[in-house]
Amino acid sequence: MQTITFKLIISSLLVAILTTTAYTTFALQKTLSEVNAEFESSIEQFKESYLPSLEEAVWNFNDTQAQQIINGVTTSVYIKRIEVEALPYFEVEAGEMPSITEPSSFSLNREGKRIATIRIYLDKGIREQRIKEEIFEALYFLLVFFTLQTAAIFLAVRMSVLKGLQEISSSVENYSVNQLDSKIEFQSSKTYEIELIKDSINHLIERLQGEQTKTLQYQMKLEEESNYDSLTHLPNRKNCQFYLQQRIVKDLALGEIVYVIHIDFLNFKSINSLYGSHMGDQFLITAKHKLETILEENFYISRYGSDRFVVVNYNPFHRHEVELIVDLLKKELESPVALSQDVSDFSLNVSIGIVTFPHDFSSAEALLLASERMAKESRKLSRPVYYEKALDMEINERDQIRQSLTTALKKEEFSLNYQPIVNLSDGSIHGYEALIRWHSPELGFIPPDRFIEIAEDESLIIPIEEWVINTACRDISQLSVLNNLKIKIAINISYQHFISDRFIPNLQRAISKVDLHPEQIEIELTERVLAEDAYQVETKIQRLKQMGIKVSIDDFGTGFSALNYLKDFSFDTLKIDKSFVQSMLSNERNLALVKNIIRLAHDLDIEVIAEGIELEHQYQSLAKMRCNFGQGYLMSRPVPFKELNPTTTFSPSDK
51 MQTITFKLII
61 SSLLVAILTT
71 TAYTTFALQK
81 TLSEVNAEFE
91 SSIEQFKESY
101 LPSLEEAVWN
111 FNDTQAQQII
121 NGVTTSVYIK
131 RIEVEALPYF
141 EVEAGEMPSI
151 TEPSSFSLNR
161 EGKRIATIRI
171 YLDKGIREQR
181 IKEEIFEALY
191 FLLVFFTLQT
201 AAIFLAVRMS
211 VLKGLQEISS
221 SVENYSVNQL
231 DSKIEFQSSK
241 TYEIELIKDS
251 INHLIERLQG
261 EQTKTLQYQM
271 KLEEESNYDS
281 LTHLPNRKNC
291 QFYLQQRIVK
301 DLALGEIVYV
311 IHIDFLNFKS
321 INSLYGSHMG
331 DQFLITAKHK
341 LETILEENFY
351 ISRYGSDRFV
361 VVNYNPFHRH
371 EVELIVDLLK
381 KELESPVALS
391 QDVSDFSLNV
401 SIGIVTFPHD
411 FSSAEALLLA
421 SERMAKESRK
431 LSRPVYYEKA
441 LDMEINERDQ
451 IRQSLTTALK
461 KEEFSLNYQP
471 IVNLSDGSIH
481 GYEALIRWHS
491 PELGFIPPDR
501 FIEIAEDESL
511 IIPIEEWVIN
521 TACRDISQLS
531 VLNNLKIKIA
541 INISYQHFIS
551 DRFIPNLQRA
561 ISKVDLHPEQ
571 IEIELTERVL
581 AEDAYQVETK
591 IQRLKQMGIK
601 VSIDDFGTGF
611 SALNYLKDFS
621 FDTLKIDKSF
631 VQSMLSNERN
641 LALVKNIIRL
651 AHDLDIEVIA
661 EGIELEHQYQ
671 SLAKMRCNFG
681 QGYLMSRPVP
691 FKELNPTTTF
701 SPSDK
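Given below as structure tokens:
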């Protein structure tokens, strides 16, 4: 790459060459013209100066005088030899014959007669020598003048341009992406062009400083958004994973114990459903403040998910100290929260899972995954759960189920069993509930409560339930045709499937494909489904009712705010959870609840199904309470399709 210094030197040389050559050429041409003119005029000068006296000497036959005259002439610069012939009287000559010459002769006349012939010999070598000398002098002058002129131009350019450019270059070299804090300043004034360049660069620096400030602000914003939760301003999932990785590297050398505590609020979405998302946000902010108050500066706190937090100890703690902190966390986080003046105090249960490094796991990923799984165990046990190696088998089993579940549908490993729903007034079969069963070639029989939740987590529940709908509709259609009955079928649907755009179109196709009547279908929804988006769920329920399909609420009474569901959703059927049914005869409180649930449902024109009937007294008591239908092992266990007999009538005395 050519530098500006190089270009300026070349420019200086070119200017010097052009000007010096032009001047030297002009001077040389003038000198050569003068030499040639002097050479050419030497004979004329001879004629003017010497010829009259020479003519007089020849006319008087004075050869001595003639000899003297020509001797003087040959001492001139160019005339080196003269010959005078005045025959027959005399002949004189002077000078040496030059090596390079061209003679010039003419006649000397007097009174109309030629009295002599004169031959003059000019020395061309001298002329050429003078020309060479003049050329050499011109070249010497050219070289000296060129050198001086070049130096002068270069110094002038260097002083006026290069020095300023070097100062600019030196200043610019000190700049970097992170260092644009000064402008270019000159100690002395520079040329207009250099000052213009400096001002342009300074203006560019100002713009870059502004852009750099914006970029840094944007990077900080991105960093915050990438690593911190926008609602609570706590570190987020990504930040938590990175922090835990760093802690492991640090504490591995120190030998300290790291406690990873996973906190999960149960049924958090019910707040959004009942009171709006802004109330849910307020609940999470309140939970954050509680965590900060309890843990103070001793724990790293992060919002790990929508309703989940992960905390990690900064300082060393003993196991019993952590247990006290965890118990306090559960107590305070489950205490009622006043979200607003319009909403009564609200509380949610929390599940807490605890894992330690390095005793339990040695990687951040394994610690976080295990703490999350322990939190799920805590949900089932209603107490904080500390990781134990005994749980490894269960965790590994879940992993195996998760892996096998992805191919179970393609391999046709699922089947359906059907449990009768009996009319308690006469013992006739009202319909059946379709219950999925999975017999894995590798894992054996896997109960639904073991794989349904995993299917939901892995987004496999929709294709599985679509298979259930298609299979159940086909089986019940065949059973109805064979027995000339409109047999009803109840099908359980998850929240994911229920709110999906695929649910109703697939249900319509399944019904029309086997020529089944919509009123034979009943969709069962758990309170877990209803705790999600109430508006969207009710919209789907109304759509089903318009089609003639009934909707029931399953496991009624086990979830949060059961009475609100009766108010907010248009159910056709209510299924009392088996925990109430099986304990009502030994628990007067539960008996009263069952009676009032049945009475309330009838007042709302909702039919009631009692689940889990296993004893004759339960059957009879429910019948006296005017419970419409019953379901349980007393009447029949779930059986395969080929064992169904819809004409069977059940009687408690038969059992």
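Numbering (the working numbering), first residue to last: 51 to 705. Note that CB positions come from ideal geometry on N, CA and C, so glycine has one too. Owing to the predicted nature of the structure, the values given are computational and were not obtained by experimental measurement.
| query | result |
| --- | --- |
| Exposed or buried, what is Asp314 when buried is set at 16 or more other beta-carbons lying within 10 Å of its beta-carbon? | buried |
| Between Ser701 and Gly494, which are expected to be in contact by the criterion C-beta below 8 Å, what is the C-beta distance as a whole number of angstroms? | Their Cβ separation, rounded to whole angstroms, is 36 Å, which puts Ser701 and Gly494 out of contact at 8 Å. |
| Between which residues of its own chain and Pro386 is the CB-CB distance below 6 Å, once the five residues before and five after are set aside? | Asp395, Ser397 |
| In or out: Ala425 buried (at least 16 other Cβ within 10 Å) or exposed? | buried |
| In angstroms, rounded to a whole number, what distance separates the CA positions of Arg687 and Gln469? | 6 Å |
| Per DSSP, which one or two residues make a beta bridge with Gln469? | Glu483 |
| By the 10 Å Cβ neighbour count, where 16 or more other Cβ atoms means buried, how is Tyr309 classified, buried or exposed? | buried |
| Going straight from the alpha carbon of Gln668 to that of Ile471, what length do you get? | 15 Å |
| In chain order, what residues of the same chain have a beta carbon less than 8 Å from the beta carbon of Ser157, not counting five sequence neighbours either side? | Arg164, Ala166, Thr167, Ile168 |
| If you draw a straight line from the alpha carbon of Arg429 to that of His312, how long is it in whole angstroms? | 12 Å |
| Cα-Cα, which of Tyr364, Asn556, Trp517, Leu379 is closest to Leu294? | Tyr364 |
| Helix, strand or coil, according to DSSP, for Pro434 in the structure here? | coil |
| Using the beta-carbon count (16 or more within 10 Å), is Asn322 buried or exposed? | buried |
| Are the beta-carbon atoms of Leu684 and Glu666 separated by less than 8 Å? | yes |
| Over the uninterrupted beta strand (DSSP E) stretch that includes Val361, give me the two end residues. | 358-363 |
| Using only CA atoms, which one of Gln115, Glu90, Phe89 lies nearest to Leu101? | Gln115 |
| Since Asn556 is in the alpha helix (DSSP H), which residue starts that stretch and which ends it? | 553-563 |
| How would you label His368, buried or exposed, when you count the other beta carbons within 10 angstroms and need 16 or more for buried? | exposed |
| For the candidate residues His489, Ser671, Ala560, whose alpha-carbon lies nearest to that of Ile519? | Ala560 |
| Among Asp525, Asn614, Gln453, Val85, which residue has its Cα nearest to the Cα of Glu508? | Gln453 |
| What's the gap between the Cα of Gln528 and the Cα of His480? | 16 Å |
| From the DSSP output, in three-state form, read off Gln52 for me. | Any reading at Gln52 must be qualified, since the residue scores a pLDDT of 48, below 50, and its modelled position is unreliable; the value itself is stated next. In the structure shown, Gln52 sits in coil (DSSP, three-state: anything other than H, G, I, E or B). |
| Residues in the same chain with beta-carbon distance under 7 Å from Ser475, minus the five sequence neighbours each way, listed in chain order, please. | Ala673 |
| For the pair the region 135-150 and the region 173-192, tell me if three or more CB-CB distances fall below 8 Å. | yes |
| In this structure, does DSSP put Asn614 in helix, strand or coil? | helix |
| Does the distance from the CB of Leu466 to the CB of Ala522 come in under 8 Å? | yes |
| Per DSSP, what kind of secondary structure is Ser390 in: helix, strand or coil? | strand |
| I believe Lys595 touches Ile549 by the beta-carbon criterion, under 8 Å. Please report the beta-carbon distance rounded to the nearest angstrom. | With 8 Å as the limit, Lys595 and Ile549 do not qualify as a contact, their Cβ atoms being about 16 Å apart. |
| Helix, strand or coil: how does DSSP classify Thr151 here? | strand |
| How many Å lie between Met597 and Ala420 at the Cα? | 45 Å |
| DSSP three-state label for Glu131, please. | For the record, residue 131 in the displayed sequence is Arg; it is not Glu. Strand at Arg131. |
| Look up Ser509 in the DSSP assignment and say whether it is helix, strand or coil. | coil |
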